[in-house]
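Asks:
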Amino acid sequence: MAQTRTRAGSVAASGASPHSISLKVLRDFFGESRLSHPSLSPAHTLPGTDSIAKASLPYPTAPTDPFPLSPLLALPPAFGAAYVGTVFSCTLCANNELPSSSPIVVRDVQLSAELQVPSGSIALGLEGPDAVDGRDIQPAQTLQKVVRHELREDGPHVLAVTVTYQETRDDTTNKRTFRKLYQFVAQPALGVRTKVGDLAAKKDTPDTRRFVLEAQLENLTETPVVLEKVTVSTAQGLTSKSLNWNDADDKPILSPQDVMQVAFTLQQIQGEQLDETNGRTVLAQLHVDWRSPMGEKGSLTTGWLGSRAR
Numbered sequence: 001m002a003q004t005r006t007r008a009g010s011v012a013a014s015g016a017s018p019h020s021i022s023l024k025v026l027r028d029f030f031g032e033s034r035l036s037h038p039s040l041s042p043a044h045t046l047p048g049t050d051s052i053a054k055a056s057l058p059y060p061t062a063p064t065d066p067f068p069l070s071p072l073l074a075l076p077p078a079f080g081a082a083y084v085g086t087v088f089s090c091t092l093c094a095n096n097e098l099p100s101s102s103p104i105v106v107r108d109v110q111l112s113a114e115l116q117v118p119s120g121s122i123a124l125g126l127e128g129p130d131a132v133d134g135r136d137i138q139p140a141q142t143l144q145k146v147v148r149h150e151l152r153e154d155g156p157h158v159l160a161v162t163v164t165y166q167e168t169r170d171d172t173t174n175k176r177t178f179r180k181l182y183q184f185v186a187q188p189a190l191g192v193r194t195k196v197g198d199l200a201a202k203k204d205t206p207d208t209r210r211f212v213l214e215a216q217l218e219n220l221t222e223t224p225v226v227l228e229k230v231t232v233s234t235a236q237g238l239t240s241k242s243l244n245w246n247d248a249d250d251k252p253i254l255s256p257q258d259v260m261q262v263a264f265t266l267q268q269i270q271g272e273q274l275d276e277t278n279g280r281t282v283l284a285q286l287h288v289d290w291r292s293p294m295g296e297k298g299s300l301t302t303g304w305l306g307s308r309a310r
């Protein structure tokens, strides 16, 4: 996370005893938790020195290779960037830090989270194997929950996580709670500039209107992105035709700051009326799906695009 803050009234300031539970937050880059119990993997013979030297090069293959990363893969940074249109996913870990000899018993550990976005606060649902709200945690054990939220606003975000639990010692039970804030900034991944123009009507259908919808897509991230698909949803009375690549072609890869132009033709269905509101003909929405180099999905949808009504 970019920055971590604790709630006012910390342990040091209040003079209270240290918390028995610690909180750790891990960013998930693949839509699933990367925290799990350790497991052993079978050992394999290392490749020869020639192949190791080749793999260590930044680009050991030809420059025309469509793979957006070098074959020598690397883990993402500690937190990584958060982009509008992607699913923000984190694993929350409440860990019992008490030694096994401690007379304190920790019970009913509960986690809750909310995301503070520029437009307000959003309560986040927690996913995990535990069906009950609270759980008892033995020393050196952990309670894990996953939060997921699709980012739709750019700007500063704050993930607020609250931990509540009970400490029991010598038949005395105290309820304790603490809250941590994790700040990050959601940035646009793709810049989209659109333009709509009129086309001449076909000779066999002179009363139907035709349009061309053009869009420039710019990669605003610091890594390559793979364009999965670009589609349009047309308003009533219209059909569309893509002038771009098809599924059989290699998917385009945009390097940082690269710009790609896409286009669609729109045609009025004969005998159908177009949606004209306030002197404007409503035409279509543009949908863009992409993937990051690590396979993380992203998507965006524009507002309704239009042209001047006749």
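Mapping of the sequence shown onto full-length UniProt numbering: residues 1 to 310, in sequence order.
Backbone N, C-alpha and C fix where the C-beta goes; we use that ideal spot for every residue, glycine too.
Leaving out five residues on either side along the sequence, give the residues of the same chain with a beta carbon under 6 Å from the beta carbon of T162.
Replies: If we look at T162 and ignore the five residues flanking it on each side, its Cβ neighbours are S112 and R179.
Asks: Measuring only the C-alpha atoms, how far is K229 from Q257?
Replies: Roughly 19 Å separates the two Cα atoms.
Asks: With 16 other CB atoms within 10 Å as the buried threshold, where does G295 fall?
Replies: Exposed: under 16 other Cβ atoms inside 10 Å.
Asks: Please state whether the Cβ-Cβ distance between L286 and T221 is less than 8 Å.
Replies: Cβ atoms of L286 and T221: not closer than 8 Å.
Asks: Please tell me whether T281 and G303 are closer than 8 Å, where the distance is taken between their beta carbons.
Replies: Their beta carbons are not under 8 Å apart, which means T281 does not touch G303 by this criterion.
Asks: Run through DSSP, which three-state label would L213 get?
Replies: Looking at L213 - three-state DSSP - the assignment turns out to be strand.
Asks: Entirely within the region 177-205 and at least 3 residues each: give me those beta strand (DSSP E) ranges in chain order.
Replies: As far as the region 177-205 is concerned, its whole beta strand (DSSP E) runs of at least 3 residues are 190-199.
Asks: Hey, how far is the Cα of R152 from the Cα of A81?
Replies: Cα to Cα, R152 sits roughly 15 Å from A81.
Asks: Whole angstroms are fine: how far does the CA of T265 sit from the CA of T205?
Replies: Taking the straight line joining both Cα atoms gives about 15 Å.
Asks: Does the region 211-225 come within contact of the region 118-138, defined as at least 3 CB pairs closer than 8 Å?
Replies: The answer is no - the region 118-138 does not touch the region 211-225, with fewer than three Cβ pairs under 8 Å.
Asks: Which residues does DSSP pair with K229 in a beta bridge?
Replies: According to DSSP, which records beta bridges pairwise, K229 is partnered with D289.
Asks: Is the beta carbon of E150 sitting closer than 8 Å to the one on V87?
Replies: In contact: E150 and V87 (Cβ atoms closer than 8 Å).
Asks: Under three-state DSSP, which class holds I122?
Replies: Here I122 sits in strand by DSSP.
Asks: Cutting at 6 Å between CB atoms, please list the residues of its own chain near Q261, excluding the five before and the five after it.
Replies: The residues are Q216.
Asks: When DSSP labels each residue in this structure, what does D171 get in the three-state scheme?
Replies: Residue state, collapsed to three classes: coil.
Asks: Near P103, what residues of its chain come up, given a Cβ to Cβ distance below 6 Å and the 5 sequence neighbours on each side ignored?
Replies: Hits under 6 Å: R169.
Asks: In whole angstroms, what is the alpha-carbon distance linking A309 and L199?
Replies: Their backbone Cα atoms lie some 14 Å apart in a straight line.
Asks: What is the DSSP secondary structure of M260, counted as helix, strand or coil?
Replies: Strand at M260.
Asks: For D250, which of E97, V212 and L227 has the nearest alpha-carbon?
Replies: Looking at the Cα atoms, L227 is the closest of the given residues.
Asks: Give every residue of the same chain whose Cβ lies closer than 6 Å to the Cβ of L276, excluding the five residues on either side of it in the sequence, and list them in chain order.
Replies: With the sequence shown as reference, residue 276 is identified as Glu, and Leu is not the correct amino acid for it. Once the five neighbours on either side are set aside, the close Cβ partners of E276 are A309.
Asks: Considering only the beta carbon of each residue, do A160 and A235 sit closer than 8 Å?
Replies: No. Outside cutoff.
Asks: Check whether the Cβ of A186 lies closer than 7 Å to any heavy atom of the ligand FAD, and answer yes or no.
Replies: This structure does not include the ligand FAD; it has no bound ligands of any sort.
Asks: Of all the options D207, V232, K202 and A201, which has the alpha carbon lying nearest to the alpha carbon of L213?
Replies: Closest by alpha carbon: V232.
Asks: With burial defined as no fewer than 16 other Cβ atoms inside 10 Å of the residue's Cβ, what is the status of K145: buried or exposed?
Replies: K145 is buried by the Cβ-count criterion.
Asks: Could you tell me the boundaries of the beta strand (DSSP E) in which S240 lies?
Replies: Its beta strand (DSSP E) spans residues L238 to S242.
Asks: Does the distance from the CB of P139 to the CB of Q183 come in under 8 Å?
Replies: Not a contact, by the Cβ cut-off of 8 Å.
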